[in-house]
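Student:
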Ligand code: KG4
Ligand code: ZN
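In our numbering, the protein residues as written are 67 to 409.
1. Which same chain residues, not among the five before or five after residue 242, have their C-beta less than 6 angstroms away from its C-beta?
2. Name the DSSP bridge partner or partners of residue 200?
3. Is the closest heavy atom of the ligand GTP to the C-beta of residue 77 under 7 angstroms?
4. Within this structure, are the beta carbons of residue 156 and residue 99 separated by less than 8 angstroms?
5. Nearest to residue 375 by alpha carbon, out of 116, 139, 109 and 77?
6. Using a Cβ-Cβ cutoff of less than 6 angstroms, which residues in the same chain neighbour residue 79 once the five nearest sequence positions on both sides are dropped?
7. Kindly list the residues whose CB is nearer than 6 angstroms to the CB of residue 341, restricted to its own chain and excluding five residues on each side of it in sequence; keep chain order.
8. Between residue 245 and the ligand KG4, is there a pair consisting of the residue's CB and a ligand heavy atom that are separated by less than 7 angstroms?
9. Given a cut-off of 8 angstroms on the beta-carbon distance, is the pair residue 323 and residue 361 in contact?
10. Would you check if the distance between the CB atom of residue 278 and the CB atom of residue 227 is smaller than 8 angstroms?
11. Is the separation between the beta-carbon of residue 182 and that of residue 218 shorter than 8 angstroms?
12. Determine the contact status of residue 398 and residue 102, defining contact as a CB-CB distance below 8 angstroms.
13. Helix, strand or coil for residue 373 per DSSP?
14. Looking only at C-alpha atoms, which of 380, 272, 177 and 126 sits nearest to residue 151?
15. By how many angstroms is the C-alpha of residue 187 removed from the C-alpha of residue 402?
16. Whole-angstrom Cβ separation of residue 377 and residue 129, contact assumed at under 8 angstroms?
17. Taking all protein chains shown into account, do 16 or more other C-beta atoms lie within 10 angstroms of the C-beta of residue 298, making it buried, or fewer, making it exposed?
18. With DSSP collapsed to three states, give me the class of residue 163.
19. Going by the CB atoms, is the gap between residue 82 and residue 94 shorter than 8 angstroms?
20. In chain order, what residues of the same chain lie with their CB nearer than 7 angstroms to the CB of residue 212, ignoring the 5 residues before and after it?
21. Nearest to residue 158 by alpha carbon, out of 135, 90, 73 and 184?
22. My assumption, with CB atoms under 8 angstroms, is that residue 366 sits in contact with residue 146. Please give the rounded CB distance.
23. Do you know offhand how far residue 382's Cα is from residue 396's?
24. So what does DSSP say about residue 274, is it helix, strand or coil?
25. What is the rounded straight-line gap between the Cα of residue 305 and the Cα of residue 169?
26. Can you list, in chain order, the residues of its chain whose CB lies under 6 angstroms from that of residue 127, leaving out five sequence neighbours each side?
27. Would residue 153 pass as a contact of residue 114 if the rule is Cβ separation under 8 angstroms?
28. Taking the alpha-carbon positions, what's the residue 160 to residue 258 distance?
29. Quick check on the burial criterion: 16 or more other C-beta atoms within 10 angstroms. Buried or exposed for residue 302?
30. Could you pull the start and end residues of the beta strand (DSSP E) that residue 223 belongs to?
31. Mind checking residue 309: buried by the 16 CB within 10 Å criterion, or exposed?
Okay, structure coming up:
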């Protein structure tokens with residue numbers, strides 16, 4: 067099945083042509099980072115206007131790179147939510163129009179299923195169910211037990227900030243620009259992760275929920291109490307110590323979920339799964355506890371449309387279909403896990 071996929075949930079306009087959940091024929095991502103940088107974060111109204119400008123050229127480019135036209139497409143998958151509603155509606159409207167013109171099936175896909183779906187594209191052969199998935203991005207930090215490509219049950223989630231959001235906010239306090247994850251990752255490589263002890267929250271007991279706002283405040287307080295010019299070495303130490311606290315928490319929770327759910331495989335996906343230290347720590351934690359840890363490649367961790375096709379493919383196979391009244395949703399809802407793809 068040749069699928070056209072569209073993603074416009076936040077600040078990336080993306081389109082891809084993918085064969086089932088296996089082979090990426092093209093994947094085009096137009097980032098809006100330069101547009102939002104000067105505001106230190108995504109401005110929703112600007113994002114939706116930019117999606118309107120970018121979406122058709124991005125879809126055209128996906129066709130060109132794949133060497134196919136709309137007439138070769140057999141189904142369409144599009145992000146339905148969660149995300150910025152104005153932005154989602156742009157992708158949804160284009161998907162509906164193209165599917166209507168061609169009279170082909172289409173499906174609305176939950177963005178979180180898509181982040182997990184990225185793993186079928188990159189390491190499909192290594193996947194066996196059930197597994198634990200951590201989706202860790204700018205908007206989400208959630209743990210799931212995955213029993214099939216369309217079946218995930220929520221085990222825990224952040225009670226406040228998402229991990230990526232914490233990276234972005236801490237980078238902003240430190241004057242490092244937006245988005246902050248990549249910058250902190252780079253600076254931290256030469257910093258000492260043990261230089262400052264920042265809090266690791268909700269590690270007691272059995273909880274599989276996360277909380278990063280206390281850590282964020284602790285970094286902010288540290289910056290305030292040690293005000294003045296920080297040397298580059300100190301900035302690296304702060305970045306490394308903050309990052310270590312995030313990664314320690316994520317690793318501990320995933321290992322706990324693996325134990326509680328009696329699984330042998332963990333998948334870590336979403337933008338923050340690009341983080342160098344996170345990958346390093348997860349791999350060594352996996353090795354010492356005898357579980358396999360897999361990550362999609364970085365290009366499939368940050369927002370893209372290929373992952374939407376991979377997840378959408380399975381919903382299409384199960385007979386899920388969108389219709390013209392299907393609407394976008396802004397927030398992650400438990401019911402979305404069950405109703406995904408249905409109208
Ligand atoms: O998955 P994604 O592209 O968008 C959402 O669905 O939110 O994730 C973007 C997030 C941003 O918060 C960004 O700072 C973070 O992923 N990120 C990173 C790294 N690369 C991207 N965080 C830590 N280390 C990285 N290398
Ligand atoms: Zn995302």
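Just so you know, even glycine gets a beta-carbon here, dropped at the ideal spot from N, CA and C.
Tutor: Result, derived from the coordinates:
1. Within the chain shown, the letter at position 176 stands for residue 242. Result list for residue 242: 249, in chain order.
2. Start at 1 with the first residue of the chain shown, and residue 200 comes out as number 134. BP columns for residue 200 point to 209 and 334.
3. Absence of the ligand GTP is noted for the structure shown, with the ligand KG4 and the ligand ZN being the only ligands found.
4. To locate residue 156, count along the chain shown from 1; it is residue 90. To locate residue 99, count along the chain shown from 1; it is residue 33. No, these two residues do not count as a Cβ contact at 8 angstroms.
5. Position 309 of the chain shown, counted from the start, is the residue given in the question as residue 375. Of the candidates 116, 139, 109 and 77, the one whose C-alpha sits nearest the C-alpha of residue 375 is 139.
6. One-based indexing of the chain shown puts residue 79 at position 13. Shown here for residue 79: same chain residues with a beta carbon closer than 6 angstroms to its own, the five before and five after excluded, namely 96, 117, 120, 121 and 124 in chain order.
7. By 1-based counting over the chain shown, the position of residue 341 is 275. Contacts found: 251.
8. In the chain shown, the residue the question calls residue 245 occupies position 179. Under cutoff, so the answer is yes.
9. Here the question's residue 323 lines up with position 257 in the chain shown. Here the question's residue 361 lines up with position 295 in the chain shown. Going by C-beta atoms, residue 323 is not nearer than 8 angstroms to residue 361.
10. As a first step, residue 278 must be located in the chain shown, where it is residue number 212. As a first step, residue 227 must be located in the chain shown, where it is residue number 161. Taking C-beta atoms as the reference points, residue 278 and residue 227 count as a pair closer than 8 angstroms.
11. The residue you call residue 182 lines up with position 116 of the chain shown. The residue you call residue 218 lines up with position 152 of the chain shown. Residue 218 is positioned such that its CB atom lies closer than 8 angstroms to that of residue 182.
12. Indexing the chain shown from 1 puts residue 398 at position 332. Indexing the chain shown from 1 puts residue 102 at position 36. Result no, Cβ atoms of residue 398 and residue 102 do not sit closer than 8 angstroms.
13. Looking up residue 373 in the chain shown gives position 307. Residue 373 falls in the helix class under three-state DSSP.
14. Translated into the one-based positions of the chain shown, residue 151 becomes position 85. Ranking the options by Cα distance to residue 151, first place goes to 177.
15. Residue mapping note: residue 402 aligns to position 336 of the chain shown, counting from 1. Residue mapping note: residue 187 aligns to position 121 of the chain shown, counting from 1. The pLDDT assigned to residue 402 is 49, lower than 50, so where the model puts this residue is not dependable; a value taken from the coordinates is nonetheless given after this. Each residue's alpha carbon lies about 23 angstroms from the other.
16. The count along the chain shown starts at 1 and reaches residue 377 at position 311. The count along the chain shown starts at 1 and reaches residue 129 at position 63. That belief does not hold up - the Cβ atoms of residue 377 and residue 129 are roughly 21 angstroms apart, past 8 angstroms.
17. Position 232 of the chain shown, counted from the start, is the residue given in the question as residue 298. So residue 298 counts as exposed.
18. For the purposes of this step, residue 163 is taken as residue 97 along the chain shown, with counting starting at 1. Residue 163 falls in the helix class under three-state DSSP.
19. The residue given as residue 94 occupies position 28 in the chain shown. The residue given as residue 82 occupies position 16 in the chain shown. The criterion of a C-beta distance shorter than 8 angstroms is satisfied by residue 94 and residue 82.
20. Indexing the chain shown from 1 puts residue 212 at position 146. Within the same chain, residue 212 has close Cβ partners 182, 195, 196, 197, 199 and 218.
21. Counting from 1 along the chain shown, the entry for residue 158 is found at position 92. The shortest Cα separation from residue 158 among 135, 90, 73 and 184 belongs to 73.
22. By one-based count along the chain shown, residue 366 stands at place 300. By one-based count along the chain shown, residue 146 stands at place 80. No, residue 366 and residue 146 are not in contact; Cβ-Cβ is about 20 angstroms, not under 8 angstroms.
23. If you number the chain shown from 1, residue 382 lands on position 316. If you number the chain shown from 1, residue 396 lands on position 330. If you take the alpha carbons of residue 382 and residue 396, they lie about 22 angstroms apart.
24. Within the chain shown, the letter at position 208 stands for residue 274. DSSP, reduced to helix, strand and coil, places residue 274 outside both helices and strands of the structure shown, so it counts as coil.
25. For the purposes of this step, residue 305 is taken as residue 239 along the chain shown, with counting starting at 1. For the purposes of this step, residue 169 is taken as residue 103 along the chain shown, with counting starting at 1. Between residue 305 and residue 169, the C-alpha separation is close to 51 angstroms.
26. The residue labelled residue 127 in the question sits at position 61 within the chain shown. So the qualifying residues of the chain are 94.
27. Position 87 of the chain shown, counting from 1, holds the residue named residue 153. Position 48 of the chain shown, counting from 1, holds the residue named residue 114. Against a cut-off of 8 angstroms, the Cβ pair of residue 114 and residue 153 comes out as a contact.
28. As a position in the chain shown, residue 160 is number 94, starting the count at 1. As a position in the chain shown, residue 258 is number 192, starting the count at 1. So the two alpha carbons sit approximately 48 angstroms from each other.
29. In the chain shown, counting from the first residue as 1, residue 302 sits at position 236. Label assigned to residue 302: buried.
30. One-based indexing of the chain shown puts residue 223 at position 157. Run containing residue 223: 217-223, per the beta strand (DSSP E) assignment.
31. In the chain shown, the residue the question calls residue 309 occupies position 243. Per the 10 Å Cβ criterion, buried.
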